[in-house]
Amino acid sequence: MTDLRRNRYSISAGVGKSTYDSFGRFLSSPRRPFPSKFNSENERSGFDFPWTPYSLDWLKQSNDTRQWIAVGSLIEEPANKIQILQVSNSEGDKPAVKKSLSTANDLEYPVTKVMWNPPSLNSNNSTNLLASTDQKLRLWNAPTESGNTASLSCQAALSTHGKTHSSAPLTSFDWCKVDPSLIIVSSLDTTCTVWDVVAQQSKTQLIAHDREVFDVAFTKDNAHVFVSVGADGSVRMFDLRSLDHSTIIYEGDSSYWKRTGDTNSAVSTCRPLLRLATCDADANLMATFHHKSSDIKMIDIRVPGTAYSTLSSPRGGDVNAVSWMPNSRSKLASCGDDCMVHLWDLSRPLSSTPTPARRGSNPVTPSGSAIPISEYATPMSTAQSTGSSSENRYSPIASWKLENEVNNIAWSGKQDSIAALYGKSLELLAL
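Counted from 1, the sequence shown has number 302 at position 286 by my numbering; the numbering is strictly sequential.
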């Protein structure tokens with residue numbers, strides 16, 4: 017076992033355990049008894065794995081009745097996997113999920129994220145590209161044709177470190193929809209790296225945060241502007257055309273106390289931010305959540321420095337993932353340690369009458385270029401626009417209960433289902 021693995025990935029090691037905890041409790045806890053899997057009569061379909069799944073993505077541009085889901089494992093030993101699942105829809109029947117023969121085996125590190133190529137990248141029905149991160153950014157040729165017996169074929173394994181040096185584990189990445197040649201990657205070493213995956217070369221690397229970077233994403237319809245979150249508790253926005261400075265969009269309060277080397281003392285610091293979800297229908301909106309928190313912070317870059325609203329889990333479990341419904345400015349889903357998947361609608365607050373977003377000059381990126389104001393009016397109360405701390409409150413419009421903590425979710429391209437990973441299982445939740 018390498019020193020890097022011992023320090024970063026051993027569950028028994030202090031640093032490794034801290035890293036795992038920071039990602040939102042990767043490993044599943046013991047199964048909890050519940051009277052039923054769901055609190056509604058929605059159709060359900062699922063798949064059981066022989067290993068612990070963590071990362072997943074649903075292919076968004078399938079042109080036939082077959083759909084494809086990629087799932088990456090979370091295994092402490094150097095035997096991680098990527099599995100492609102086929103979802104078949106027959107009229108009048110619930111979806112059937114089955115294992116395809118497309119797999120990748122014996123990856124040394126846990127697969128922190130998988131992502132299919134953006135719809136803007138032309139691909140045929142028989143083959144798609146899949147990207148994944150562990151200690152490297154990997155590109156896979158993924159057969160997506162019924163009856164194809166080929167395994168995943170690794171097209172590239174990209175790292176900024178040479179073969180003789182171990183690279184820090186990569187935590188997440190995003191594939192640019194406007195320019196599919198670009199992928200941006202975040203790392204535990206505090207950096208973000210932009211890769212040209214066609215040339216298989218890094219375009220730029222920058223120190224994005226003071227501490228570990230846990231997630232990164234491009235903003236809507238922009239190949240230059242991206243946002244990131246990390247262990248320093250901030251959301252930062254960067255412009256690749258001007259990297260000499262960044263803009264802090266949101267920063268948590270410093271009421272989180274962390275032990276220092278002296279066991280009798282502690283320092284006040286911002287609670288880490290674990291994941292970030294940008295809205296693909298509105299460049300101004302994004303969602304994030306803190307480490308060991310049941311609240312989702314809704315961010316609008318037109319109102320920097322604070323969250324315009326907070327979505328609180330009714331059962332109080334820590335949030336593990338959040339995902340916007342494709343092409344929606346108001347709907348998003350979340351999951352967490354409360355064994356629940358919640359569907360939220362920002363256009364339906366419980367209190368505070370929504371008012372139109374403030375008009376005026378467009379917000380700007382760190383380079384000074386303007387970001388268009390969308391026609392969508394972010395639900396902000398009158399009190400908020402005058403500086404008050406009051407905000408809209410929301411309750412889920414739908415919820416599903418599973419048997420274990422839910423580690424991750426992904427939307428179908430048709431927006432009619434959510435894939436949820438819990439324990440060693442995947443479940444399809446029909447809306």
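Ideal Cβ placement from N, Cα and C applies to all residues, glycine included.
Taking the alpha carbon of residue i as the reference point, which residue from the options has its own alpha carbon closest?
i	options	result
I223	V335, A436, W132 and L259	L259
E115	Q102, T143 and P365	Rather than Glu, the amino acid found at residue 115 in this sequence is Lys. The shortest C-alpha separation from K115 is found at Q102.
P159	S169, S244 and L153	S169
Q151	V214, Y266 and S203	S203
R287	K97, G249, T263 and L123	G249
S415	G429, L445 and A184	L445
L437	V357, L366, A95 and P196	V357
R291	A297, I425 and H177	I425
W67	V87, K219, N300 and V214	V87
S441	V113, W84 and L153	V113
Q99	M131, D205 and D296	M131
W340	R257, P330, L359 and T220	L359
G352	I200, L418 and A303	L418
T322	R345, A349, L301 and E267	E267
M253	D316, N336 and T285	D316
N420	I264, D354, V251 and S148	D354
T128	D334, D73 and A172	D73
G246	E93, R257, I265 and D255	I265
N336	K430, A299, N300 and A293	A293
D296	P196, P94, K236 and I413	K236
I200	T149, Q171 and H177	T149
L362	N133, L301 and W191	L301
C208	V241, K430 and S136	V241
L198	P185, K219 and D205	K219
K430	E93, N105, A172 and K193	N105
A172	A147, F189, P185 and D190	A147
P185	S136, P134, K193 and D205	D205
Are there 16 or more other CB atoms within 10 angstroms of the CB of residue i, so buried, or fewer, so exposed?
i	result
Q400	Residue confidence is low: Q400 scores 37 on pLDDT, short of 50, so the model does not pin down where it sits. No coordinate-derived value is stated.
N121	exposed
V229	buried
K347	buried
H307	buried
I434	buried
D64	exposed
K110	exposed
L5	What the structure shows of the chain is the stretch from 17 to 447, and residue 5 is not part of that stretch, so it cannot be assessed.
S310	buried
N343	exposed
Q83	buried
R154	buried
A215	exposed
G439	buried
A386	Low local confidence applies: a pLDDT of 42 at A386 is under 50, so the model's placement there is unreliable, with the coordinate-based value given in what follows. By the neighbour-count rule (16 or more Cβ atoms within 10 Å), A386 is not buried but exposed.
R345	buried
G85	Here residue 85 is Ile; the residue named in the question, Gly, does not match the sequence. I85 is buried by the Cβ-count criterion.
I413	exposed
S350	buried
D334	buried
E443	buried
P330	exposed
Am I right that residue i and residue j are in contact with their C-beta atoms under 8 Å? What's the rounded C-beta distance?
i	j	result
T187	D226	That belief does not hold up - the Cβ atoms of T187 and D226 are roughly 15 Å apart, past 8 Å.
T119	S167	6 Å
N157	L123	So it is not a contact: roughly 16 Å between Cβ atoms.
S89	P126	7 Å
D365	Y324	Residue identity check: residue 365 is Pro in the sequence provided, not Asp. That pair is no contact at about 11 Å.
L75	N144	6 Å
A299	M314	Contact doesn't hold; Cβ gap of about 15 Å is too wide.
| said: List, from N- to C-terminal side, the beta strand (DSSP E) runs of 3 residues or more that fit wholly inside the stretch 77 to 121. | reply: Look at the stretch 77 to 121 and you find these whole runs of beta strand (DSSP E), each 3 residues long or longer: 82 to 89 and 96 to 104.
| field | 4-residue-minimum alpha helix (DSSP H) runs that sit fully inside the stretch 180 to 245, ordered along the chain | value | The stretch 180 to 245 contains no whole alpha helix (DSSP H) run of 4 or more residues.
| message | As an exercise, report each continuous beta strand (DSSP E) stretch of at least 3 residues that is fully enclosed by the stretch 287 to 326, in chain order. | response | List check, beta strand (DSSP E) in window: 289 to 294, 301 to 306 and 311 to 316.
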